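This report refers to the structure that appears directly beneath it.
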Amino acid sequence: MQTEDGRASIALEWGRAVAAAVEQVLRRAARPAAEPVPANAEAVFFADRAELLACLAADWCDGTAITRWWWKSLFRSTDISSAVIREWLESIESVPAALAHLAKRRLAARFVRAIGEARARALLREIIERFALVELAWLKDPLMLDAQAPAKAALIECPPAGPAARVVSVEVSPPASQPPFTEWAPEALDPSLIMVERCLLGIGLMLARASAMVRAPLFARTVLRWHRAERLRDSTGTLNAGALTTHAATSPPTQPDQGTEGSRLHLNVALHTSAARSTRKTPEENPAAMIVSTPDGREQLSRAESVPADPGVHSGHQAVPSIQLEATSPLETAQDSQSDESPKPASPPGSPFSVIDPAGEIMRTGGTCIETAFGGVFYLVNLGLFLNFYGDFTSPLQPAIPLPLWDFVALVGRELVGKSIEADPAWPLLARLAGRDEHEAPGEAFDPPDRWRLPAEWLAPFSEESIWQWTTDPGRLRVKHPEQFLILDLPLDAGDPMQQLVRETQDYPGIAAFEFQRSAFPGAIGDILPQERWLRCLMPYVRARLNRALVLRDPGELRRALCEHHARVLVSGTRLDVFFALDELPIEIRLAGLDRDPGWVPATGRFIAFHFE
Numbered sequence: 010m011q012t013e014d015g016r017a018s019i020a021l022e023w024g025r026a027v028a029a030a031v032e033q034v035l036r037r038a039a040r041p042a043a044e045p046v047p048a049n050a051e052a053v054f055f056a057d058r059a060e061l062l063a064c065l066a067a068d069w070c071d072g073t074a075i076t077r078w079w080w081k082s083l084f085r086s087t088d089i090s091s092a093v094i095r096e097w098l099e100s101i102e103s104v105p106a107a108l109a110h111l112a113k114r115r116l117a118a119r120f121v122r123a124i125g126e127a128r129a130r131a132l133l134r135e136i137i138e139r140f141a142l143v144e145l146a147w148l149k150d151p152l153m154l155d156a157q158a159p160a161k162a163a164l165i166e167c168p169p170a171g172p173a174a175r176v177v178s179v180e181v182s183p184p185a186s187q188p189p190f191t192e193w194a195p196e197a198l199d200p201s202l203i204m205v206e207r208c209l210l211g212i213g214l215m216l217a218r219a220s221a222m223v224r225a226p227l228f229a230r231t232v233l234r235w236h237r238a239e240r241l242r243d244s245t246g247t248l249n250a251g252a253l254t255t256h257a258a259t260s261p262p263t264q265p266d267q268g269t270e271g272s273r274l275h276l277n278v279a280l281h282t283s284a285a286r287s288t289r290k291t292p293e294e295n296p297a298a299m300i301v302s303t304p305d306g307r308e309q310l311s312r313a314e315s316v317p318a319d320p321g322v323h324s325g326h327q328a329v330p331s332i333q334l335e336a337t338s339p340l341e342t343a344q345d346s347q348s349d350e351s352p353k354p355a356s357p358p359g360s361p362f363s364v365i366d367p368a369g370e371i372m373r374t375g376g377t378c379i380e381t382a383f384g385g386v387f388y389l390v391n392l393g394l395f396l397n398f399y400g401d402f403t404s405p406l407q408p409a410i411p412l413p414l415w416d417f418v419a420l421v422g423r424e425l426v427g428k429s430i431e432a433d434p435a436w437p438l439l440a441r442l443a444g445r446d447e448h449e450a451p452g453e454a455f456d457p458p459d460r461w462r463l464p465a466e467w468l469a470p471f472s473e474e475s476i477w478q479w480t481t482d483p484g485r486l487r488v489k490h491p492e493q494f495l496i497l498d499l500p501l502d503a504g505d506p507m508q509q510l511v512r513e514t515q516d517y518p519g520i521a522a523f524e525f526q527r528s529a530f531p532g533a534i535g536d537i538l539p540q541e542r543w544l545r546c547l548m549p550y551v552r553a554r555l556n557r558a559l560v561l562r563d564p565g566e567l568r569r570a571l572c573e574h575h576a577r578v579l580v581s582g583t584r585l586d587v588f589f590a591l592d593e594l595p596i597e598i599r600l601a602g603l604d605r606d607p608g609w610v611p612a613t614g615r616f617i618a619f620h621f622e
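Quick note: to get the working numbering, add 9 to the position in the sequence shown (first position is 1).
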């Protein structure tokens with residue numbers, strides 16, 4: 010007779026045996042993206058969903074997908090074409106990384122052209138929604154623009170980035186021959202692509218290579234004007250380089266219109282100034298500079314401020330201890346094995362590998378890993394979601410504040426931890442995740458308004474009856490909660506300040522009970538930068554909210570309780586995973602919900618998950 014303990018022992022041994030067998034099969038598995046698969050291979054391995062999509066698309070373009078036993082086994086169908094489109098549409102989060110994989114193989118334009126206009130439009134529509142590209146929402150139905158299209162395109166202006174900055178404008182009348190994503194996604198210049206295919210490839214690749222740029226409002230406005238200019242050119246019968254017939258694919262790419270080169274460079278300057286405000290450097294001064302090849306065979310310098318690096322971009326920073334996952338890039342091996350007549354791009358300074366795009370170490374190795382003493386700062390992702398600064402998978406189209414989420418994490422994390430976090434490997438990782446240079450301050454392009462109103466829903470945890478102090482010194486109406494955070498900090502209107510006070514607080518009585526008391530309280534905020542003013546308004550509320558959620562009696566415990574947790578952080582082109590020790594997880598963090606998996610976060614273009622071992 011078998012006892013309960015005996016059955017449990019057998020089940021445990023069986024589980025271990027299965028795990029060992031699976032591990033052995035995995036070790037012997039061939040990786041289609043890295044090497045030819047031998048005929049006797051018993052298993053194949055894909056590093057992530059993006060690699061699977063890229064390999065499937067590449068085999069489909071080459072006509073070999075139907076002969077691959079793993080595709081037939083996976084899809085149980087001989088209609089590989091339908092499987093390709095279905096898998097890409099069902100894995101939108103991985104599409105930008107998959108396009109970057111295909112671009113390494115020089116197959117991105119070929120694939121986008123092969124799927125056709127309707128499917129390209131469907132993919133573009135899903136990307137815009139899934140990645141919360143609110144400013145580009147009009148691309149989902151560009152026909153809506155017909156009634157709004159101007160007879161003649163005007164100027165695009167970039168607001169000054171600082172006292173010494175110049176206003177930069179770009180003439181798009183007559184229409185520029187190059188789309189605004191030329192510098193970051195030169196593959197989209199393929200003359201055989203029509204408009205929607207070009208937009209799909211350009212925007213998709215920019216999400217993988219320069220996500221901060223593609224989210225910039227100036228970029229969206231520039232795409233709009235370029236799109237209108239191309240439509241106007243079509244309607245007047247002028248040749249549209251983006252609408253050539255497919256036979257043009259065999260012709261050499263056309264040289265860019267020299268007459269628009271200056272405008273294109275001005276556009277680049279405008280985008281850089283608006284989104285990064287970076288100082289230009291020479292390749293010797295900037296180790297993150299890369300040399301890329303344009304479709305016409307020319308090589309050009311692509312600076313870090315031109316292509317904000319995603320977490321794996323090779324930046325020349327040697328101080329970050331990182332553990333590389335897996336072996337060498339499958340796509341490097343595949344690309345090097347191809348016989349291609351087109352010029353090979355040069356390697357960036359200090360980089361051991363050849364590049365055609367700045368996808369960097371993440372796309373090269375399958376991932377990057379760091380060890381950090383401040384792993385708890387990644388819980389601040391959930392704080393940003395709780396405060397409705399950013400949308401999650403339940404609200405992908407919710408507009409986010411114009412501050413990259415990883416810069417929000419960096420700014421708030423530094424306020425909680427102090428400057429010691431800047432010496433931790435998490436700091437340069439946050440910079441690369443945010444798409445900026447490691448030596449560039451977080452949120453430099455963030456320009457919040459000088460008016461602070463606490464969102465009414467933020468008062469829900471502080472609904473008890475209290476006395477709010479208010480003052481009009483110096484020249485501003487400020488209202489402070491007993492927990493020492495500001496409810497209001499606004500320029501003082503002319504007239505009776507009490508009337509302004511009542512008007513500005515009319516949304517709060519339904520959530521919290523309060524009375525006013527006029528007082529001269531310390532902590533006046535003088536003439537400071539908008540970002541600093543915003544932080545001085547935000548951080549007292551953040552501390553009060555976290556102290557209450559974590560039930561901390563001593564405010565000084567917040568850094569230790571929330572932030573000081575050793576963690577291992579793994580980053581890929583589509584995921585960010587943080588690994589903690591389970592026995593070190595404070596129960597207060599769990600009860601507060603800060604350890605929940607954020608899941609898909611459109612503002613980051615990644616799935617984010619917390620693991621406890």
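Yeah, the Cβ is synthetic: ideal placement off N, Cα and C, and Gly gets one too. From a predicted model like this one, the values you see are computed outputs, not experimental measurements.
Using the C-alpha atoms, what's the distance from Q509 back to Y517? 14 Å
Report yes if the CB atom of A419 is closer than 8 Å to the CB atom of L439, and no otherwise. yes
Starting from A92 and walking both ways along the alpha helix (DSSP H), at which residues does that stretch end? 89-99
Does the Cβ of S528 have 16 or more other Cβ atoms within 10 Å, making it buried, or fewer, making it exposed? exposed
Just the C-alpha distance for P41 and L65, rounded to the nearest angstrom, thanks. 10 Å
Same chain only: Cβ atoms within 7 Å of L561, ignoring 5 sequence neighbours per side: L567, A570
Could you spell out where the beta strand (DSSP E) holding L209 opens and where it closes? Segment 204-218 is the alpha helix (DSSP H) holding L209; no beta strand (DSSP E) there.
Output the distance between the C-alpha atoms of T613 and A601, rounded to the nearest integer angstrom. 23 Å
Enclosing alpha helix (DSSP H) for Q82 [first to last residue]: A small correction: the amino acid at residue 82 is Ser; Gln does not occupy that position in the sequence shown. Segment 78-84, the alpha helix (DSSP H) holding S82.
Going by other Cβ atoms of all chains shown within 10 Å of its Cβ, with 16 needed for buried, is D88 buried or exposed? exposed
Just the C-alpha distance for W543 and P483, rounded to the nearest angstrom, thanks. 17 Å
Hey, how far is the Cα of D586 from the Cα of C378? 9 Å
Assuming P105 and L214 are in contact, meaning their beta carbons sit under 8 Å apart, how far apart are those beta carbons, in whole angstroms? 7 Å
Hey, I136 and I101 are a contact pair by Cβ (cut 8 Å); roughly how many whole angstroms apart? 6 Å
Can you say whether D502 is buried or exposed, counting buried as having 16 or more other CB atoms within 10 angstroms of its CB? exposed
Can you list, in chain order, the residues of its chain with a C-beta nearer than 7 Å to that of F402? Leave out the 5 residues immediately preceding and following it. G608, W609
Three-state secondary structure (DSSP) of H448: coil
State yes or no: is the C-beta of Y550 within less than 8 Å of the C-beta of W479? no
Is it buried or exposed for L495, if we count other Cβ within 10 angstroms and need 16 for buried? buried
Can you confirm whether the stretch 467-476 touches the stretch 408-416 when touching is taken to mean that 3 or more C-beta pairs between the two stretches lie within less than 8 Å? no
In its own chain, which residues sit with a C-beta less than 6 Å from the C-beta of A558, not counting the 5 before and 5 after it? A601
Cα-Cα separation, A450 to N391: 22 Å
Along the chain, where does the alpha helix (DSSP H) that runs through V488 open and close? Counting along the chain, V488 falls outside any alpha helix (DSSP H), though it belongs to the beta strand (DSSP E) covering 485-489.
Strictly by DSSP, which residues pair up with G670? This structure cannot speak to residue 670, because the chain is shown only from 10 to 622.
Please report how far the alpha carbon of R584 lies from the alpha carbon of F616, in whole angstroms. 5 Å
So, at 8 Å on beta carbons, what are the nonlocal neighbours of F55 in its own chain, with the 5 sequence-adjacent residues on each side left out? R40, P41, A42, L61, C64
Three-state class that DSSP yields for P437 in the structure shown: helix
Identify every residue that forms a DSSP beta bridge with R615. V610
Looking at C-alpha atoms only, which residue of R460, L142, A127 is the closest neighbour of I203? A127
Assign L241 to one of three DSSP states: helix, strand, or coil. helix
Please state whether DSSP places R114 in a helix, a strand or coil. coil
Note down, in chain order, each residue of its chain lying with its Cβ closer than 8 Å to the Cβ of H620, except the 5 sequence neighbours on either side. D586, V587, F588, F589
Per DSSP, the bridge partner or partners of L501: BP columns for L501 are empty, so no partner.
Compute the Euclidean distance between the alpha carbons of P189 and K149, then round it to the nearest angstrom. 18 Å
With a threshold of 6 Å on Cβ separation, who are the neighbours of P168 within its own chain once the five nearest residues in sequence on each side are excluded? Any reading at P168 must be qualified, since the residue scores a pLDDT of 37, below 50, and its modelled position is unreliable; the value itself is stated next. So no residue of the chain qualifies.
For the beta strand (DSSP E) containing Q6, name the first residue and the last one. Past the edges of the chain, shown from 10 to 622, lies residue 6, and the structure says nothing about it.
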